[in-house]
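A quick write-up on the structure given underneath.
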Amino acid sequence: MKNNKKRYDWLRPTIRDWAAFAIFVIFSAVTPLVFSNNSDLGIYCLVFFGFGSTVAGLTVFRKIRESKFDGSSVDVIGGVAIRPSRLRLMVYAFGLSIFGATMAVFGTGMPIFLRLIGGGLLALGITMVILGLLKKLPAGFIRFDVDRFVLGNRRYTIGIEWDNMARIEPGNIHDNSAVFVWLKSPQAIQVEPSKSITSALKSISWTEQWYGAHLALITEIYGLPGPMVAAALTRYKSHPEAREELRNKYIT
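Numbering (the numbering used here), first residue to last: 4 to 255.
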């Protein structure tokens, strides 16, 4: 399968992305000089701006890489649940814990509510680490079946027949790689258990109100680029004969 590289040019980093990255890097560089006489505040600012530089830099790099995706080859696992990356969650949780601890411990002279927020972030990060180690997080999965695409969460699974997909586009949700899917008939989804059909349709309606699409899937939590997932979904939507490859569990 081949796509025009220019198709994803609009996924490139925006001026805001570059500006955020530049600002964080500049402030990270000048922090040791400005706060040389206040070590606590210096450490606080250095961690804050360093954390921001890392996140902004990774966002810019990801958007550049995804904008160049050409879809010349897509590898798909058929009939097997693809789950969110636990390693990604743990890295994020550790980072959140360090950031929160820095705010709480080194935020002397800062308003008390900021230190309390730091304590809350530390507690949240530790909780996420514990839940990750207990395999309670992350939850959910996606699966490519011969007859449908399946999304699962703790309460129910939604099955979307390939022919029920009307439009598929990659994009971003809060600077996370994502895929948006429009359906021909949202009421035609397959929900298990069936008693959860009302909850599933409410979720679809809410997603449409917020994002303009029936389904908004953050692919980054699975370690998958949005354009790659969009290309795979589009292939099975547009080429019924290709769906048989998913019976073999793995295709190239």
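All C-beta atoms in this analysis are idealised placements derived from N, C-alpha and C, irrespective of residue type, glycine included.
Span of the beta strand (DSSP E), counted from its first residue to its last, around residue i
| i | result |
| --- | --- |
| Ile163 | 160 to 164 |
| Phe183 | 179 to 186 |
| Val194 | 193 to 195 |
With 16 other Cβ atoms within 10 Å as the buried cut-off, status of residue i
| i | result |
| --- | --- |
| His217 | buried |
| Asn40 | exposed |
| Tyr253 | Note that Tyr253 scores 47 on pLDDT, short of 50, meaning its location in the model is unreliable and no value can be drawn from it. |
| Ser42 | exposed |
| Phe147 | buried |
| Trp165 | buried |
Counterpart residues of residue i in DSSP-defined beta bridges
| i | result |
| --- | --- |
| Gly155 | Phe144, Thr160 |
| Ala219 | Phe183 |
| Asn175 | Ser180 |
| Arg170 | Trp185 |
| Ile46 | Bridge partners of Ile46: none, in fact. |
| Ile85 | Ile145 |
The ligand ZN heavy atom lying under 6 Å from the CB of residue i
| i | result |
| --- | --- |
| Gly112 | The ligand ZN is absent from the structure shown, which contains no ligands of any kind. |
Pair within 7 Å by beta-carbon distance, residue i and residue j
| i | j | result |
| --- | --- | --- |
| Ala219 | Phe183 | yes |
| Arg250 | Tyr239 | no |
| Ala235 | Val77 | yes |
| Asn167 | Leu186 | yes |
| Ser88 | Gly226 | yes |
| Phe54 | Phe102 | yes |
| Ile176 | Ile221 | yes |
| Phe27 | Ser56 | yes |
| Ile224 | Val194 | no |
| Leu119 | Leu99 | no |
Element boundaries [alpha helix (DSSP H), containing residue i]
| i | result |
| --- | --- |
| Met93 | 89 to 109 |
| Lys240 | 229 to 241 |
| Thr34 | 18 to 37 |
- Flag this pair as touching only if the region 100 to 118 and the region 42 to 50 have three or more C-beta atom pairs under 8 Å; answer yes or no. yes
- Message: Pairs of beta-carbons, one from the region 57 to 73 and one from the region 9 to 20, closer than 8 Å: are there three or more?
- Response: The region 57 to 73 makes contact with the region 9 to 20, as at least three CB pairs between them are under 8 Å.
- Message: Could you check whether the region 77 to 93 touches the region 129 to 140, counting it as contact only if at least three pairs of C-beta atoms, one from each stretch, sit closer than 8 Å?
- Response: The region 129 to 140 and the region 77 to 93 touch, with three or more beta-carbon pairs separated by less than 8 Å.
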